[in-house]
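In our numbering, the protein residues as written are 327 to 441.
Ideal Cβ placement from N, Cα and C applies to all residues, glycine included.
A short worksheet on the structure shown next.
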């Protein structure tokens with residue numbers, strides 16, 4: 327065999343060289359039928375005109391559900407805020423009972439006094 331030099335890419339697949347002769351492949355695409363699409367659009371518009379009250383009812387239900395979820399979210403945020411305030415009050419009460427000034431004054435702006 328002798329001294330054979332295979333180059334820096336020995337054992338690796340060179341993707342560029344392997345795909346040169348394959349060409350560009352298109353993904354399978356459905357052919358569009360403009361006449362059938364136009365008929366379907368006109369049919370959908372006709373249904374919307376005939377049954378406008380169904381569209382209105384679905385829209386009202388959708389708006390109601392979104393408003394209810396927003397109200398629930400605001401209630402959850404308010405409950406978290408109340409829990410945070412209650413926890414801070416409990417911490418301050420425990421500090422007051424232990425004689426810590428945090429229990430009376432909370433978080434002072436400058437605990438050392440004016441500079």
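The closest CA to that of residue 416, considering only 397, 432, 402, is found on 432. Annotated three-state conformation of residue 432 is coil, per DSSP. Assigned with DSSP and collapsed to three states, residue 425 falls in coil, not helix or strand. Spanning the alpha carbons of residue 371 and residue 389 requires a straight line of approximately 22 Å. For residue 369, the enclosing alpha helix (DSSP H) begins and ends at 360-376. Residue 380 and residue 366 have their alpha carbons spaced roughly 19 Å apart. In this structure, the CA atom of residue 421 is about 32 Å from the CA atom of residue 400.
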